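Here the sequence shown is numbered in the numbering used here, starting from 1009 and rising by one per residue.
Positions of the beta carbon are idealized from the N, C-alpha and C atoms, including for glycine.
Since we're looking at a predicted model, the values are computed, not measured.
Notes to accompany the following structure.
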Amino acid sequence: MNKVPMTVVGADQLRKELEILKFDRRPKITEAIASARELGDLKENAEYHAAREEQGICEARIRDIEGKLSNAQIIDVTKIENTGRVIFGTTVAILNIETDAEVTYRIVGDDEADIKQNLISVNSPIARGLIGKNEGDEVGIATPGGITDYEILSVKYI
């Protein structure tokens, strides 16, 4: 299977979620199933069925996280020399040449992407247009409204 790029922060967040699921949520679900079994007839026991459904969701999420972590290629850009080149994990400030709007994005893995926090997926059109470019370059990026020109103001390896 192909390795999937992930930042150190993203991997840590997944590990924390996995720990909570395995050592907090899973035992609580097991207790809920045991308590519901004591109530009697399982065919018409809504508490039992709800707890079993929650158990299935929890176990699926545990398998999902374990799979992602096993296929992760964790990249720590703070240990890479800053050459001014845009790579995975860098924080990039860009300027829309037409509107003079400035925005800063951090290029992260698919699972870490959150546009509200200016975290964009490495597979997004903006990130694909920026990867490999250097500080000071002008870049044309295909957007739904057509090609938009940006200038790369800064590239930080933080």
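Could you have a look at residue i and say whether DSSP puts it in helix, strand or coil?
i, result
"Tyr1056", "helix"
"Pro1152", "coil"
"Thr1099", "strand"
Taking the continuous alpha helix (DSSP H) assigned at residue i, which residues delimit it?
i, result
"Lys1024", "1016-1028"
"Thr1112", "Not the alpha helix (DSSP H): Thr1112 falls in the beta strand (DSSP E), residues 1110-1116."
"Thr1038", "1034-1045"
"Ala1135", "1133-1138"
Contact criterion: CB-CB distance below 8 Å. Does residue i meet it with respect to chain B?
i, result
"Glu1046", "Here there is only one protein chain, and chain B is not present."
Of the residues the options, which one's Cα is nearest the Cα of residue i?
i, options, result
"Ala1059", "Thr1099, Pro1035, Ser1132", "Pro1035"
"Asp1157", "Asp1032, Ile1123, Ala1019, Leu1103", "Leu1103"
"Leu1127", "Lys1024, Ile1037, Thr1098", "Thr1098"
"Ile1155", "Arg1114, Ile1105, Glu1110", "Ile1105"
"Val1027", "Ala1135, Ala1044, Lys1051, Leu1077", "Looking at the sequence itself, residue 1027 is Glu, so the reference to Val does not match. Closest by alpha carbon: Leu1077."
"Asn1010", "Lys1051, Glu1052, Ile1123, Gly1075", "Gly1075"
For residue i, I'd like the list of residues in its chain whose CB is within less than 8 Å of its CB, leaving aside the five on either flank, ordered along the chain.
i, result
"Lys1141", "Arg1093, Val1094, Val1147, Ile1160"
"Leu1029", "Cys1066, Arg1069, Ile1070, Ile1073"
"Gln1021", "Glu1120"
"Asn1090", "Val1163, Lys1164, Tyr1165"
"Pro1133", "Ile1149, Ala1150, Thr1151"
Which residues in the same chain as residue i place their Cβ atom closer than 6 Å to its Cβ, once the five residues preceding and following it in sequence are excluded?
i, result
"Ser1129", "Asp1118, Ala1121"
Ignore the nearest five residues each way along the sequence and tell me which others in residue i's own chain have a CB closer than 7 Å to its CB.
i, result
"Ile1041", "Tyr1056, Ala1059, Arg1060, Gln1063"
"Arg1045", "Tyr1056"
"Thr1086", "Tyr1165, Ile1166"
Between which two residues does the beta strand (DSSP E) carrying residue i extend?
i, result
"Ala1080", "1080-1083"
Next on the checklist: Check whether the stretch 1010-1029 and the stretch 1070-1085 touch, using three or more Cβ-Cβ pairs below 8 Å as the test.
Outcome noted: yes
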